[in-house]
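J.: Right, I'll just put the structure down here and ask away after.
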Amino acid sequence: MRLLLAVILTFPLAGQAPADPQKPDPPPAQAAAPPETPQAASAAAPATAAASEQAAAPAPQAASPVPSGEPDISGWIDFGYRFRSNVNGSFETYRSIVNLGEGPKLFGADLTLLDPRKTLFDTMHVVASGWGGDPYGSLHVDMEKAKLYRFDADYRDFSYFNNLPSYADPLLTRGIMLNEQAFDTRRHVGSYNLEFLPGSWLIPYFAYDRDASSGMGSLAFVQSNNEYPVPTTMADRTALYRGGIRIELRRFHATIEEGGTTFSSSQSLYQNPQGTNYGNSSAPAFGQTLDLTTLQANYGITGSSTYSKALFTSNPLSWLDLYGQFLFSKPTSNVNYQENAAGNLYLPSQILFYQSEEYLALAAASMPHTTANIGGEIRPMKHVRLTESWLTDRMNNSGNLSAQQSIVPLSGALQTAAVLSASLVSHYSQTETNLYVDLTPKLTLRGGYRYVWGEANDAIFPQGNQLSGVDLTKLRRNVGLGGVIFRPTQKLLLTAETEVASSGGVYFDTSLYNYQKVRAQARYKLTTTLQVALDFLMLNNQNPTPGINYDFKSNQEAMSIFWTPNNGKYLTFQGSYSFSSLRSDIFYLVPQSLAQATSNYLDDAHTATALFTLNLGHVGVFAPKLTAGGSLFISHGTLPSSYYQPMAKLWLPVSKHAQAFAEWWYYGYGEAFYPYEGFGTHIASIGLRYTR
Amino acid sequence: MQQGPLTRSIKCMPNTKFVLLFALLASAARGQDAKAPDPPPAPASPYVGSETCGTCHEDIAKAFAKTPHHLADGKDTKRGFNGQACESCHGPGAKHAESAAAADIRNPAKLTPAQTDRVCLTCHLNQPTHIGRLQSSHAKDQVACTTCHKIHADGAEALVARKRDTINTQCESCHLAVAAQFQQPFHHRVPEGAMSCIDCHNPHGSIQPAMQQSFGANEPGCLNCHGDKRGPFTFEHGPVRFEGCSTCHSAHGSANPRLLDRPQVKQVCLECHANLPQVRTATTIGVVPPAFHNLNLPRYQNCTVCHQKIHGSYIDRNLLK
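Chains as they are written, first to last, in our numbering: chain A, 1 to 692; chain B, 1 to 321.
Written out as structure tokens, the structure is:
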């Protein structure tokens, strides 16, 4: 009956005649002096060296979805060979920061395929970069058939190598260079989306994402009185499946999505039985030297989750927009841990030496998490807008563990068992109101207020003899908001925004408490060929609570120049310079004495990038182009370091469709306190760009 | 009590009400659509159609034909802009076509950012893209849609940048200071073009702090790639859940190999874990004191050598394993 009723009631939907074209609102009053279009300035600012180098290269053929008279495939492909000089200094640091290798490479490709018959697709784009053993390779494919489907796939392969002894080397004083937290892994991230009926009012979609990593590294196996650096292998995999529908009407939109994840992870720590590991502590315990002769520790972790998402936007009236979303997820995990260790091990709580142990643990956790947000924009007058939003986020994690330990000393055996439960709860909410007033067509002011409140607690039971037990805290913050956007002429744009906050409680000592945040930007088109942009950021945070006395100040000033004399016919220049300064002081307790001390952190850093592109004119039949520049970073303070990346690239057209290129980069890194971790190396590449 | 037909009908009322309400709302929405715009007067329409615009603005028309917006020039059953793509943004063009005067047509480039946005949102508001608009700092700072989306430019890439280099260049043109942070030795691979800003941030706004992307429904976007840090862990490390990864990490760049906010691990840890209740009355979390390790020994100078499951542990309350 209800189904029948529902069907009958939906008849009017189908029965309505197609809507007439909605004409846009009448044009608002036009400014007396037209402001500068933001995109003009946007295009002018400099980019990083690598990105700009790409831009500075001869322009590829423009991709076009229009089939008539165009080839089926257009685009370019870069391939060649990369050489690397011997790394002068720490090869481990080189791999941790740069990690580019030698060999034949597919540097990049950008192809557009058109199907003139439009059978499977109208257009397909393929973009690839970094294949041939590079530390970051990617492949992106998107294809579309108008009004039928849209598909995109993105795959990336990252290598993650991180091994700097200065980071974690407890054995340094014994002359052993070993990072006890080193990793050499590869991560594969894929994302695949399929959308049906794009552009229609009902759009179903499906997606699959996958994130997997595997590799090896070194970690410490922690025992009661010593830690033993051991090799480790690890692998994890997360798969995310989701699907939903979007209902997009002219005055209302709703999206309903359901999804779920599966997760698995395994990790092993092991000690070769043929060797003896004396650990980080060489101090004997009651005259005995502690060691580890055998270890096999394995984690088996599985997890899953489901989630629901409901979104809506609506403009029921010409002066009112509404937004809302409800999000719920519930991830869970299950763990099985097994550990077998042998050696001369020690249990200080019982002053007991033992020769082997077995530790088994089963654990599970569940974390329901709900988020909701609703808000709206009201335009009561032509030049006045009011926005109001409310957000709440509620998370409740509960976990439990049951563990069993069996210790085998020289005589007898000791069995212990433990059952623990833990919870982590967070209730967070915020409400925000903003008022925007267009005082003149050139000047807009914004003022607002945000109130943030929340409660968090972290508990583990039974507390036992641990100092950790139950933590409870509250968050209360009042924030004043302001902003100004001023466009006095077409050539000049000034924007500024500020936040001033006062807190009555925060979660952590280093959280934002009483803070002032300012951001200001300026863009000025000095001449038709010269544009300048300025950016200023400042954060000033104080927590005067006795025992914390946190004082944090950071500011960053940056400027960029874009110069194209003669419309870039012979030369273009992009450059940027940034200075940042950071000061942080906070009280802490010295662990060995519990005396109060101050943790200081100072950092002043200079960063610069520059890129010249020179058209060298005709050299014989060739018209080469040279790009040169690079970037540098120099910092002073608590951790002085420097990083240089000068580069040059020469393009030489050799035919209508082919350009040869030769490229040189230098990578140099230095640290004042750990000079043995510095390195420098040259990298050169030669290759060919084929364009069609 | 015996249940008669009336009781049954009352029992199903909530569901029936829901169905009725849904149908009426949907009907109203469609109905509004149908009656929202006044039908143009039959004898003299203020609209002239894109073909007429293209006769004078030939270059723009050619470039525009290669962007996704040109679909509005076809049979646009959804919004009804059949052949009126130009006028969907510029408003009725008959007067302008007659006079050729710039004052007789709306030029979004000369509007305030908010007015420009209204033009775009006429069609695009009711899409999931804009669900986070109220939280978007771009919207708050009056960064108009056309700052990033170039409507007339040739090629689909200009309208919606999809290539990572293009996206990054676009973002860096305003966020100069952030671009500089990526020049530090340890950084996410954005300058190399292996990642783009929108891998982590949603430029249209998000309920996550700093307009971060989400993973799944409401989890931080960092987990899109760092799935092994997701948990849920039996023993959580509070800051990861309460204030996110940025409590300890500077994601854009750092001089620390693990992108930490401080040069040394112990500094990051001790600045929070120094909260003995008897020392002061502050109610921040982190009452766990830093044990009695002697930091003068290299063995204790990096807390995460032992507390290696710092993002949360499945089996150890002290995050040791």
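No residue lacks a Cβ here, since even glycine has one placed at the ideal position from N, Cα and C.
Bear in mind the structure is a predicted one, so any value in this text is a computation, not a measurement.
Can you check the stretch 385-460 of chain A for any beta strand (DSSP E) of at least 3 residues that lies completely inside it and give the ranges in chain order?
T.: 414-440
J.: My assumption, with CB atoms under 8 Å, is that V590/A sits in contact with M559/A. Please give the rounded CB distance.
T.: With a Cβ gap of about 42 Å, V590/A and M559/A do not count as contacting.
J.: Around the C-beta of Y669/A, are 16 or more other C-beta atoms found within 10 angstroms, so that it is buried, or is it exposed?
T.: buried
J.: Give the straight-line distance between the Cα atoms of Q324/B and E192/B, rounded to the nearest whole angstrom.
T.: This structure cannot settle anything about residue 324/B, because the visible part of chain B is limited to 1 through 321.
J.: If we call anything under 8 Å between Cβ atoms a contact, is G483/A one with K140/B?
T.: Yes, Cβ-Cβ distance for G483/A and K140/B is below 8 Å.
J.: What residues in the stretch 197-217 of chain B have a beta carbon less than 7 Å from any beta carbon of chain A?
T.: Against chain A - using a Cβ distance shorter than 7 Å - the residues of the stretch 197-217 of chain B are I207, G216, A217.
J.: Taking all protein chains shown into account, do 16 or more other C-beta atoms lie within 10 angstroms of the C-beta of R696/A, making it buried, or fewer, making it exposed?
T.: Nothing about residue 696/A can be read from this structure; chain A reaches only from 1 to 692.
J.: Comparing alpha-carbon positions, which option in L259/B, L319/B, F64/B, M195/B lies nearest T169/B?
T.: M195/B
J.: How far does the alpha helix (DSSP H) with R118/B in it extend, from its first residue to its last?
T.: 113-124
J.: Quick one: what's got a C-beta closer than 6 Å to H149/B's C-beta in the same chain, skipping five residues either side?
T.: Counting only residues of its own chain and dropping the five nearest sequence neighbours on each side, H149/B has a CB closer than 6 Å to the CB of L159.
J.: Can you say whether D202/A is buried or exposed, counting buried as having 16 or more other CB atoms within 10 angstroms of its CB?
T.: Correcting the residue type first, residue 202/A is Leu in the shown sequence and not Asp. With fewer than 16 other Cβ atoms within 10 Å, it is exposed.
J.: On a CA-only basis, which of D115/A, F107/A, G133/A is nearest V127/A? Give me that one, please.
T.: For V127/A, the nearest C-alpha among the options comes from F107/A.
J.: Residue ranges of each beta strand (DSSP E) run of no fewer than 3 residues wholly in the stretch 97-146 of chain A, ordered along the chain?
T.: 103-114, 123-131, 136-145
J.: Taking DSSP as the reference, what is the three-state secondary structure of T166/B?
T.: In the structure shown, T166/B sits in a helix (DSSP, three-state: H, G or I).
J.: 8 Å is my cut-off, CB to CB: does V160/B come that close to chain A?
T.: no
J.: Quick check on this structure: which residue in F508/A, G575/A, Y643/A has the alpha carbon closest to the alpha carbon of S246/B?
T.: F508/A
J.: Using a Cβ cut-off of 7 Å, which residues of the stretch 419-435 of chain A contact any Cβ in chain B, in chain order?
T.: Cβ contacts with chain B come from L420, A422, L424, S426, N434.
J.: Rounded to whole angstroms, how far is the Cβ of R689/A from the Cβ of D78/A, which I believe are closer than 8 Å?
T.: Confirmed, Cβ separation roughly 5 Å.
J.: What residues from the stretch 288-307 of chain A come within 8 Å of chain B, judged by C-beta to C-beta, listed N to C?
T.: A297, Y299, I301, G303, S305, Y307
J.: Helix, strand or coil for A255/B, going by three-state DSSP, please let me know.
T.: Coil, per DSSP.
J.: Using a Cβ-Cβ cut-off of 7 Å (strictly less than) and excluding sequence neighbours within five positions of H204/B, which residues of its own chain qualify?
T.: The residues T129, H130, G132, R133, S136, in chain order, have a CB closer than 7 Å to that of H204/B in the same chain once the five nearest residues on each side in sequence are set aside.
J.: Where do the N-terminal and C-terminal ends of the alpha helix (DSSP H) with F64/B fall, by residue?
T.: 58-64
J.: Taking the C-alpha atoms as reference points, what is the distance between S268/A and I97/A?
T.: 26 Å
J.: Can the beta-carbon of L314/B be found less than 8 Å from the beta-carbon of I301/A?
T.: Before going on, a small fix: residue 314/B reads as Tyr here, not Leu. Yes; because the gap between Cβ atoms is below 8 Å, this pair is in contact.
J.: Between the Cα of Q516/A and those of S599/A, M538/A, K525/A, T528/A, spot the shortest distance and give me the residue it belongs to.
T.: M538/A
J.: Got a sec: is the Cβ-Cβ distance from H69/B to anything in chain A below 8 Å?
T.: no
J.: Cα separation between D585/A and E227/A?
T.: So the two alpha carbons sit approximately 32 Å from each other.
J.: In three-state terms, what does DSSP make of A217/B?
T.: coil
J.: Straight-line CA distance for D261/B to A605/A?
T.: 14 Å
J.: Step through the CB atoms of chain A and report whether any lies within less than 8 Å of the CB of V48/B.
T.: no
J.: Just by C-beta distance, which residues in the stretch 390-422 of chain A are closer than 8 Å to chain B?
T.: L391, D393, M395, N397, G399, N400, L401, A403, L420, A422
J.: Can you tell me whether A33/A is buried or exposed, with buried defined as 16 or more other CB within 10 angstroms of its CB?
T.: Note that A33/A has pLDDT 32, beneath the 50 cutoff, so the model's placement of it is unreliable and no number is given.
J.: Whole angstroms are fine: how far does the CA of A153/A sit from the CA of C86/B?
T.: 32 Å
J.: Grab me the residues of G231/B's own chain with a C-beta within less than 6 Å of its C-beta, minus the 5 sequence neighbours each way, in chain order.
T.: G312
J.: Comparing C-alpha positions only, which one of K649/A, Y205/A, A283/A sits nearest to A612/A?
T.: It is Phe, not Ala, that sits at residue 612/A in the sequence shown. Taking only the C-alpha atoms, the option nearest F612/A is K649/A.
J.: With a 10 Å radius around its C-beta and 16 neighbouring C-beta atoms as the bar for buried, classify A672/A as buried or exposed.
T.: exposed
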